[in-house]
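Numbering that gives the first Met the number 0 puts the first residue of the sequence shown at 0, with every later residue one more than the last.
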Amino acid sequence: MLALNLYSVKKSVGNALFMLFILILTLDPTSAILHMKDIFFVLLVGYNAVCFRPDYSKLPLIIAAFSVVVVAWVFATVQDVILDMDATIALVKSLTPMVLLLWIREYDLLQLARVPVVIASLLVVTLFWIITIVPATEGPIYFFFNTMGNDTIMMSWRSFLGIELFTMYYKSIVSFILIFAVFISVSFNPEKRNWRIILSMLIVLHAFVISGTRSTMLLPFFLFGMIAYREYKDARYFKYILYPLIFILGVAFVVLLFMLIMEKDESSNIIKYAHLYSYWELFREHPQYLLFGQGPGSAFYSSGFLRVTTVTEWTYIELIRYFGIFSLVIVYAFFRPLVRMWKDRGDNLSYALFWAYLAYLAIAGTNPLLLSSTGMLVLLIAYSYEEKLKRKERCIQSQY
Numbered sequence: 000m001l002a003l004n005l006y007s008v009k010k011s012v013g014n015a016l017f018m019l020f021i022l023i024l025t026l027d028p029t030s031a032i033l034h035m036k037d038i039f040f041v042l043l044v045g046y047n048a049v050c051f052r053p054d055y056s057k058l059p060l061i062i063a064a065f066s067v068v069v070v071a072w073v074f075a076t077v078q079d080v081i082l083d084m085d086a087t088i089a090l091v092k093s094l095t096p097m098v099l100l101l102w103i104r105e106y107d108l109l110q111l112a113r114v115p116v117v118i119a120s121l122l123v124v125t126l127f128w129i130i131t132i133v134p135a136t137e138g139p140i141y142f143f144f145n146t147m148g149n150d151t152i153m154m155s156w157r158s159f160l161g162i163e164l165f166t167m168y169y170k171s172i173v174s175f176i177l178i179f180a181v182f183i184s185v186s187f188n189p190e191k192r193n194w195r196i197i198l199s200m201l202i203v204l205h206a207f208v209i210s211g212t213r214s215t216m217l218l219p220f221f222l223f224g225m226i227a228y229r230e231y232k233d234a235r236y237f238k239y240i241l242y243p244l245i246f247i248l249g250v251a252f253v254v255l256l257f258m259l260i261m262e263k264d265e266s267s268n269i270i271k272y273a274h275l276y277s278y279w280e281l282f283r284e285h286p287q288y289l290l291f292g293q294g295p296g297s298a299f300y301s302s303g304f305l306r307v308t309t310v311t312e313w314t315y316i317e318l319i320r321y322f323g324i325f326s327l328v329i330v331y332a333f334f335r336p337l338v339r340m341w342k343d344r345g346d347n348l349s350y351a352l353f354w355a356y357l358a359y360l361a362i363a364g365t366n367p368l369l370l371s372s373t374g375m376l377v378l379l380i381a382y383s384y385e386e387k388l389k390r391k392e393r394c395i396q397s398q399y
């Protein structure tokens with residue numbers, strides 16, 4: 000009994016530390032305001048190392064991820080490629096949260112991340128309405144986040160299909176998607192639905208809608224559609240309404256997305272297309288980079304930025320440029336939880352999380368989101384849920 004109570008205390012403290020760590024990541028993903036991200040990470044790792052037995056089955060994956068960087072660095076050195084050491088160190092640092100996979104089975108991050116996600120969403124929504132109601136506050140708030148906050152919140156007036164909109168993009172917003180999927184899934188369940196869940200879902204939805212990027216604005220509605228289809232597809236009469244409605248909305252969604260992507264005057268589109276041409280030129284001139292990579296922290300000239308750069312928005316192509324064929328290790332680390340979620344897709348939550356996580360990985364392909372603190376947060380949440388599904392499977396098997 001004493002041992003059980005001691006474990007409960009250790010678990011409670013660990014949950015509190017992990018929740019605070021997630022709160023820091025969501026509120027200050029660049030660590031430019033609070034400067035506490037590294038402190039809480041070291042504290043969390045140290046606490047887990049002392050209090051919990053590590054899951055060594057995750058160790059090969061962690062070692063493989065870091066080995067990819069080392070191997071690519073060696074090949075770059077052999078090829079006399081000049082590396083930006085600051086960018087290389089930043090890349091290695093972005094992978095360090097994977098160390099927490101050793102103790103991820105001890106935590107339910109889907110539960111622990113709910114409050115931090117709602118708090119961060121509420122912050123950006125509150126600032127949005129303050130500026131909307133009192134326009135004079137736009138300047139000071141913009142100045143703060145542009146100079147002191149390292150663009151933690153990016154504010155701008157953007158034009159979409161000729162419509163001018165004021166937007167506020169929170170750098171950690173896309174990492175909220177798995178928690179948002181939980182809120183949607185629970186909202187469709189009459190037995191679990193309550194006003195707190197509905198309110199939380201609406202707050203996070205609001206943060207997505209005002210983000211100002213095509214992917215984050217459309218993503219919540221994609222999830223609503225997928226989950227609504229799952230919930231009502233077998234209804235006796237509703238299918239006669241649902242199927243035509245889904246078809247119409249699906250076509251409208253694809254057409255709108257296509258129009259936004261092909262909007263040539265949109266500056267981000269112009270830059271992205273120019274990046275692709277520069278990648279083509281780089282790999283055409285140096286085909287060996289496809290196999291061995293150019294090296295972590297290496298730079299190349301991009302006509303998108305009209306300068307030499309170490310990073311662009313095409314994440315998966317960037318991984319190939321950095322690591323060559325060895326980038327498959329990192330891609331595998333991110334995509335592995337999808338297999339478990341799809342296997343358990345008969346469960347409504349697993350179904351919702353599968354589509355949310357798949358959508359995140361798709362968005363991460365055209366935004367520098369994967370190898371970042373928020374990208375690692377999404378990875379940890381996905382593996383935490385994978386461990387939960389494993390425990391559920393073992394429990395079922397033990398009953399037989």
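In this text, a Cβ means the ideal position worked out from N, Cα and C, and glycines have one as well.
Restricting to Cα atoms, I'd like to know which of the options is closest to residue i.
{"i": "F325", "options": "P295, T308, G374", "result": "P295"}
{"i": "S199", "options": "I21, V124, I129", "result": "V124"}
{"i": "V208", "options": "I176, V73, V181, K391", "result": "I176"}
{"i": "L90", "options": "L327, H274, L318, C394", "result": "L318"}
{"i": "G374", "options": "V330, A351, L222, R390", "result": "V330"}
{"i": "Y400", "options": "F74, L275, K36", "result": "The chain is shown only over 0 to 399; residue 400 falls outside these bounds and no answer can be derived."}
{"i": "Q419", "options": "Q78, I38, Y168, I130", "result": "The requested residue 419 is not part of the displayed model; the chain covers only 0 to 399."}
{"i": "F143", "options": "L352, R390, A31", "result": "A31"}
{"i": "W354", "options": "L58, S155, F223", "result": "F223"}
{"i": "L352", "options": "W313, S372, V328, I226", "result": "I226"}
{"i": "I270", "options": "M167, G138, N366", "result": "N366"}
{"i": "G13", "options": "H205, K191, F334, L111", "result": "L111"}
{"i": "V400", "options": "D85, N145, I62, V117", "result": "Nothing about residue 400 can be reported from this structure: the residues present for the chain run from 0 to 399 only."}
{"i": "F334", "options": "L369, V173, F187, N347", "result": "L369"}
{"i": "I228", "options": "R195, W313, A119, N347", "result": "Sequence check: residue 228 is Tyr here, not Ile. When each option's Cα is compared against that of Y228, the closest is N347."}
{"i": "T29", "options": "V307, L376, D150, V173", "result": "D150"}
{"i": "A206", "options": "E137, E280, S174", "result": "S174"}
{"i": "G211", "options": "R390, I81, I172, L376", "result": "I172"}
Measure how close the beta-carbons of residue i and residue j come, nearest whole angstrom, since I'm counting them as under 8 angstroms.
{"i": "A381", "j": "Y356", "result": "6 angstroms"}
{"i": "L94", "j": "A64", "result": "6 angstroms"}
{"i": "V203", "j": "F182", "result": "7 angstroms"}
{"i": "T311", "j": "G303", "result": "7 angstroms"}
{"i": "L388", "j": "S349", "result": "7 angstroms"}
{"i": "A298", "j": "D83", "result": "6 angstroms"}
{"i": "L109", "j": "S383", "result": "7 angstroms"}
{"i": "Y272", "j": "I316", "result": "About 13 angstroms separates the two Cβ atoms, so there is no contact after all."}
{"i": "P96", "j": "F165", "result": "Their Cβ separation, rounded to whole angstroms, is 33 angstroms, which puts P96 and F165 out of contact at 8 angstroms."}
{"i": "I140", "j": "L126", "result": "6 angstroms"}
{"i": "K36", "j": "L22", "result": "Actually they do not touch by this definition, with Cβ atoms about 11 angstroms apart."}
{"i": "T309", "j": "A75", "result": "With a Cβ gap of about 12 angstroms, T309 and A75 do not count as contacting."}
{"i": "A119", "j": "Y46", "result": "That pair is no contact at about 23 angstroms."}
{"i": "R113", "j": "I178", "result": "6 angstroms"}
{"i": "F187", "j": "E230", "result": "5 angstroms"}
Apply the 10 Å Cβ neighbour rule to residue i and answer buried if 16 or more other Cβ atoms are within range, or exposed otherwise.
{"i": "E386", "result": "buried"}
{"i": "L99", "result": "buried"}
{"i": "N193", "result": "exposed"}
{"i": "H34", "result": "exposed"}
{"i": "L27", "result": "Reading off the sequence, residue 27 comes out as Asp, not Leu. Flag for D27 reads buried."}
{"i": "V185", "result": "buried"}
{"i": "E392", "result": "exposed"}
{"i": "P115", "result": "buried"}
{"i": "E105", "result": "buried"}
{"i": "A180", "result": "buried"}
{"i": "A135", "result": "exposed"}
{"i": "K92", "result": "exposed"}
{"i": "K263", "result": "With a pLDDT of 48 at K263, under the threshold of 50, the predicted position of this residue should be treated as unreliable, and no value is reported."}
{"i": "T131", "result": "exposed"}
{"i": "L58", "result": "exposed"}
{"i": "Y321", "result": "buried"}
{"i": "I73", "result": "Correcting the residue type first, residue 73 is Val in the shown sequence and not Ile. So V73 counts as exposed."}
{"i": "L101", "result": "buried"}
{"i": "N4", "result": "exposed"}
{"i": "L376", "result": "buried"}
{"i": "R390", "result": "exposed"}
{"i": "W313", "result": "buried"}
{"i": "C394", "result": "exposed"}
Report yes or no: is there a C-beta of chain C within less than 9 angstroms of the C-beta of residue i?
{"i": "E137", "result": "The chain inventory of the structure shown lacks chain C, comprising one protein chain alone."}
Going by DSSP, name the residue or residues bridged to residue i.
{"i": "P301", "result": "In the sequence as displayed, the identity of residue 301 is Ser instead of Pro. Bridge partners of S301: R306."}
{"i": "T166", "result": "S155"}
{"i": "L82", "result": "S297"}
**Asked** Any chance the region 346 to 362 sits against the region 207 to 220, with 3 or more Cβ pairs inside 8 angstroms?
**Response** Contact between the region 346 to 362 and the region 207 to 220 is present, because at least three Cβ pairs lie under 8 angstroms.
**Message:** Could you check whether the region 325 to 343 touches the region 273 to 289, counting it as contact only if at least three pairs of C-beta atoms, one from each stretch, sit closer than 8 angstroms?
**Reply:** These segments do not touch.
**Prompt:** Counting Cβ pairs, one atom from each stretch, are 3 or more of them under 8 angstroms apart for the region 54 to 70 and the region 14 to 34?
**Reply:** Output reads no: the region 14 to 34 does not touch the region 54 to 70.
**Prompt:** Counting pairs of beta carbons, one from the region 5 to 15 and one from the region 45 to 56, are three or more of them closer than 8 angstroms?
**Reply:** At 8 angstroms Cβ cutoff, the stretches touch.
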